[in-house]
Amino acid sequence: MSASPTAGALLPRSAWTDLSARAELSPARRRVLAAVEESGRSVTAAQLARSLELHHNTVREHLDALVEAGLVAVSAVPTGRRGRPALRYAPAGPDPAQVVGSYLSLLDAIVEQLGDGEQARRRAEAIGRRWAQLLPDEPAAPTAQAAASAASTATSTTRLTAMLPHLSHMGFAPEFDGEQITLKACPLMTASRPPHRLVCRMHEGFLNERFARPHTGGPASADRADGGAADAVEAGTGAPTFSVIPLCADGCHVMARAATTTPTGEPPVPQAAASAEHRPVETVASR
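Under UniProt numbering, think of the first position of the sequence shown as 1, with each following residue one higher.
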């Protein structure tokens, strides 16, 4: 049954459209938007011009663009005097920190429903693998593709290096020392709590689905919904499995080797984990 041609028009606009519009603002326009958001009430162009020490026409130009982008709302307020009513401006776009925070709360609720124990860890890994399968493919870098075509497997260093742009774009601020990647920031945590271990397991499953195998141009294991593919070496390929070791003293570690586990199946946590120096999502969102 085909969808109604008007069905799309009935759907709400994605909030990500507004967030993308915010990210594309020029520094000058972002400054005007910040002044509107920080005012705590609707303001006029004249008030903004005075506070920002800008020409009135310049402020009006920025405000018109912000209204068109859906980030600022404008309303006409009668002044009780002759002439046109005053135009007042108020923020209308989403707050990035609140949007991200709401999704992190949803993630917390999902993790709580997974429970604990080995079954929960396997389900978390399966979610991470499925997450990777749902994302569009990224073109392999020429050097990584050449290495993959020259042999059936690439080195651990090559595979870890291939991760870096992806991890940077996702907000993990990766640092690579030639042997392991240290994630210096985490988009999946807030200042009030560290990332849940099962969330780290999801990310581990994601990385293994996305990067642990030779480049094939698409998802490698769409049939592994049970999460049972976390072997130290992928069968028949010799490709390493990536392990995410959470809450180390300097951040999470990503290593191209089998995870060393405790009797409970969890990766070991270094003694210095309590002083982990991740930058939380509020810090990343405010940049």
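Beta carbons are placed, not taken as given, at the ideal position from N, Cα and C, and that holds for glycine. All values reported here derive from a predicted model rather than from experimental measurement.
The beta strand (DSSP E) enclosing residue i, as first and last residue numbers
i, result
"residue 314", "Since the displayed the chain opens at 1 and closes at 287, residue 314 lies outside it and no answer follows."
"F76", "Before going on, a small fix: residue 76 reads as Ala here, not Phe. 72–77 is the extent of the beta strand (DSSP E) around A76."
"T182", "180–183"
"P174", "174–176"
Nearest-angstrom Cβ-Cβ length linking residue i and residue j, presumed shorter than 8 Å
i, j, result
"T44", "L87", "7 Å"
"H55", "A46", "Their Cβ separation, rounded to whole angstroms, is 11 Å, which puts H55 and A46 out of contact at 8 Å."
"E118", "E204", "That belief does not hold up - the Cβ atoms of E118 and E204 are roughly 14 Å apart, past 8 Å."
"F242", "F211", "7 Å"
"R123", "E209", "Actually they are not in contact, since the Cβ atoms of R123 and E209 sit about 15 Å apart, beyond 8 Å."
Spatial distance of residue i from residue j (CA atoms)
i, j, result
"V36", "P91", "6 Å"
"V199", "V111", "7 Å"
"R193", "Q180", "25 Å"
"A185", "L66", "31 Å"
"Y89", "A21", "18 Å"
"A162", "V74", "46 Å"
"A28", "W16", "22 Å"
"L167", "T155", "19 Å"
"L160", "M255", "8 Å"
"D108", "A23", "26 Å"
"A120", "Q98", "28 Å"
"G115", "C248", "24 Å"
"L135", "P96", "22 Å"
Neighbourhood of residue i by C-beta, 8 Å cutoff - its chain only, sequence neighbours within 5 removed
i, result
"G178", "T157"
"P85", "A76, V77, P78, T79"
"L104", "L188, M189, T190, V281"
"residue 376", "Only positions 1 to 287 of the chain appear in the structure, and residue 376 is not among them; the question remains open."
"V72", "L33, V36, L63, L66, Y89, A90, P91, A92, G93"
"L106", "none"
"R41", "A90"
DSSP-derived helix/strand/coil call for residue i
i, result
"L167", "helix"
"M202", "helix"
"F242", "strand"
"F211", "helix"
"H253", "strand"
"T190", "strand"
Span of the alpha helix (DSSP H), counted from its first residue to its last, around residue i
i, result
"E125", "117–134"
"P96", "96–114"
"T155", "Counting along the chain, T155 falls outside any alpha helix (DSSP H), and DSSP gives it neither H nor E."
"S20", "15–23"
"P27", "27–38"
"H62", "56–68"
"L52", "45–52"
Sequence-distant residues of the same chain with beta carbon closer than 6 Å to residue i, five excluded per side
i, result
"D18", "G70, G93, P94"
"I127", "M202"
"L183", "F172, P174, G251, C252"
"V32", "H62"
"L207", "F242"
"S14", "none"
"W131", "F206"
Sequence-distant residues of its chain with Cβ nearer than 7 Å to residue i (five each side left out)
i, result
"G101", "T190"
"S51", "A35"
"L25", "L33"
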